[in-house]
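Following: one structure in structure tokens, then a few remarks.
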Amino acid sequence: MRELIKYVWFVLLLTACGGGEQAEYASVERLEVQLAPPPSPDRGVETVERKLIKEGDVEFETNDLNATRQAILKAVEKYKGYVSSDQESNSPERESNTMVVRVPADHFDNFLSDATKGVKRFDSKEIKIIDVTTEFLDIQARLKTKKELENRYLELLKQAKNVIEMLEIEKQIGELRSDIESMEGRLKYLQNQVSYSTLTLTFYKSIPYQAEFNHQITDGFRNGWDNLVWFFVALINVWPFILLGIALLIALRVYRRKRAHS
790 MRELIKYVWF VLLLTACGGG EQAEYASVER LEVQLAPPPS PDRGVETVER KLIKEGDVEF
850 ETNDLNATRQ AILKAVEKYK GYVSSDQESN SPERESNTMV VRVPADHFDN FLSDATKGVK
910 RFDSKEIKII DVTTEFLDIQ ARLKTKKELE NRYLELLKQA KNVIEMLEIE KQIGELRSDI
970 ESMEGRLKYL QNQVSYSTLT LTFYKSIPYQ AEFNHQITDG FRNGWDNLVW FFVALINVWP
1030 FILLGIALLI ALRVYRRKRA HS
């Protein structure tokens, strides 16, 4: 009731003071003060559905990269998920594949079991759950408050008496709309993260030592040739000093011979 009385009083004041710019600005600012603060998100948290984000990261060795990849893709299709990233990498020690998969949260455990079926040992395995319930409720409460304030400003805009008042109200509406869109985007992102869990799977195949040794021999020949080329390049760069050194040696020998004969 108090809020309604203040709102009626505000409209009357706006109508009575249409000729004074200072009163108009004061009226616009007063509406912000009258707005009730958002309810605390802590109330009733235990009675609402919790918003949980589930993420996982596993790494393991396999004997057949392609077979493992196909098994993962089959599990993705089975549980209505999708692959958000698929990357291959090779090194002298191993060939590896990293896949980032998103699956419905309810199927996360079953998908993980199917995708890693036959794996005897994990190099690493991490499953974590992030509770975003409080953040979700807080944004919802503030979003509701922002929308209520936006509706009030829209009503005031219809009653604006002059251009200055219209511009000021439209400015406030623009700022509110920006905040509302940002909050709605954040809520949409959080809901997506809650609905679809993310699992990063890294699987690799070790390269036998003999293959690595062959690479080392090839690299050795290549490095030796490169070093030989650089050696000759260095000689060319310092050739004046080499000539000067040779000249000094010749002069020193001539000097010693003359001294020996004398």
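So for the sequence shown, the numbering used here puts the first residue at 790; every next one is plus one.
For every residue, glycine included, the Cβ atom is placed at its ideal position computed from N, Cα and C.
Quick check on S923: buried or exposed, where buried means 16 or more other Cβ atoms within 10 Å of its Cβ?
The sequence given here has Thr at residue 923, not Ser. Burial call: exposed.
How would you label A825, buried or exposed, when you count the other beta carbons within 10 angstroms and need 16 or more for buried?
Confidence in A825 is poor, its pLDDT being 40 and thus under 50, which makes the residue's placement unreliable; the coordinate value appears in the next sentence. A825 comes out exposed.
Do three or more CB pairs link the segment 886-902 to the segment 978-991 at distances below 8 Å?
yes
From N1016 to V1027, what distance separates their C-alpha atoms?
Taking the straight line from one Cα to the other gives about 17 Å.
Which runs of the beta strand (DSSP E) fall wholly inside the segment 966-1041 and span at least 3 residues, in chain order?
The qualifying runs are 985-995.
Would you tell me roughly how many angstroms separate the C-alpha atoms of R839 and T851, rounded to the nearest one?
37 Å
Give the range of the beta strand (DSSP E) segment to which S874 is assigned.
Y871 to N879
Is DSSP giving V892 helix, strand or coil here?
strand
Tell me the residue span of the alpha helix (DSSP H) that contains E765.
Only positions 790 to 1051 of the chain appear in the structure, and residue 765 is not among them; the question remains open.
Could you tell me whether the segment 964-973 touches the segment 918-933, using the rule of 3 or more Cβ pairs below 8 Å?
yes
What residue range does the alpha helix (DSSP H) around K947 cover?
T922 to K947
With N951 as the anchor, note down where its alpha helix (DSSP H) starts and where it stops.
It is not in any alpha helix (DSSP H) - N951 carries neither H nor E in the DSSP assignment.
Going along the chain, which residues of its own chain have a beta-carbon closer than 7 Å to the beta-carbon of L901, five neighbours each way excluded?
Cβ within range, chain order: G845 and L988.
Mind the definition here: the segment 848-863 touches the segment 906-920 only if three or more C-beta pairs lie below 8 Å; say whether that holds.
yes
Which whole-angstrom value describes the C-beta separation of K867 and D903, a residue pair presumed to lie in contact below a C-beta threshold of 8 Å?
Taking a contact as a CB-CB distance under 8 Å, the pair K867 and D903 counts as one, their CB atoms being some 7 Å apart.
Going by DSSP, what residues sit across from V847 in a beta bridge?
K914 and L990
If L946 and E959 are in contact, beta carbons under 8 Å, what's the gap, nearest whole angstrom?
Sure, about 7 Å apart at Cβ, within 8 Å.
Rank V908, L976, S995 and Y871 by C-alpha distance to the C-alpha of N879 and give the top, closest one.
The shortest Cα separation from N879 among V908, L976, S995 and Y871 belongs to S995.
Quick one: Cα of M888 to Cα of S873, how far?
Per the coordinates, the alpha-carbon of M888 lies some 8 Å from the alpha-carbon of S873.
Alpha carbon to alpha carbon, how far is R1045 from I1039?
10 Å
Taking DSSP's pairing of strands, which residues face N886 in a bridge?
E877 and F992
Rounded to a whole number of angstroms, what is the C-alpha to C-alpha distance between I1006 and N886?
Cα-Cα distance, rounded: 27 Å.
Any idea if F1010 is buried or exposed, counting beta-carbon neighbours within 10 angstroms, 16 or more meaning buried?
exposed
At the level of alpha carbons, what is the spacing between Q859 and N981?
26 Å
Going by CA-CA distance only, name the one from E954, T905 and I962 that's closest to R941.
I962
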